[in-house]
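Those letters in the sequence shown? Residues 785 to 941, by our numbering.
Notes to accompany the following structure.
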Amino acid sequence: MHNQEKEINRYFEQMARSYFIDENKELASLDSPVSIGYGQTISQPTLVLKMTLELDISPESRVLEIGTGSGFQTALLATFSDTVYTIERIKALHDRAKEKLQKAEFTNIHFKRGNGSRGWRENAPFDRIMVTAAAPEVPEQLLEQLKNGPDSVTEII
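Below, the structure is given as structure tokens:
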């Protein structure tokens with residue numbers, strides 16, 4: 785395990801998942817998804833950790849996140865990368881996550897509300913792209929926004 789992975793693991797163990805959950809806070813400590821409303825969930829902690837480690841981010845990484853959701857994953861990405869650009873399609877989730885992350889004093893996160901399948905071309909290229917929303921396939925428009933192209937895609941099912 786290299787240093788970055790150790791740091792992510794250590795930070796993750798201390799993250800207050802309950803901060804990102806408005807209802808059913810008693811479920812925050814469980815390793816399972818929890819509803820955040822609008823038919824969406826905050827992913828189970830072990831999956832969030834696995835996805836973050838697989839993304840292999842560095843302190844210099846520019847990351848595009850598709851599906852801000854609660855902002856839990858966004859906070860983890862922002863802690864260990866240079867800049868995070870995050871897109872959420874559901875206005876209420878977008879607004880809530882933005883408020884929580886700004887209140888937590890994250891200054892390296894840029895927020896956008898809209899359809900994430902088109903990415904955020906005006907801020908591309910990105911070193912990494914994390915799609916936390918379900919999709920039958922990765923849209924070509926997203927792959928074109930990766931600095932190293934489609935060969936750098938890791939799929940986690």
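Cβ atoms here follow ideal geometry from the backbone N, Cα and C, with glycine treated the same way.
Cβ-Cβ separation between isoleucine 893 and phenylalanine 856: approximately 13 Å, too far for a contact (criterion under 8 Å). Between tyrosine 869 and asparagine 907, the C-beta gap is smaller than 8 Å, which places the two residues in contact. Between the alpha carbons of isoleucine 820 and valine 832 lies a gap of roughly 15 Å.
Distance between alanine 876 and leucine 927, taken at the CA atoms: about 28 Å.
Between leucine 848 and glycine 903, the gap from beta carbon to beta carbon is short of 8 Å. Excluding the 5 residues flanking it on each side, isoleucine 874 has same chain C-beta neighbours closer than 6 Å at Tyr822, in chain order.
Taking the Cα of glutamate 844 as reference, the smallest distance to any Cα among Gly851, Phe895, Phe864 is reached at Phe864. Leucine 839 is classed as buried because its beta carbon has at least 16 other beta carbons within 10 Å across all chains shown. Of the candidates Ala917, Ser813, Gln828, Leu860, the residue whose Cα lies closest to the Cα of phenylalanine 796 is Leu860.
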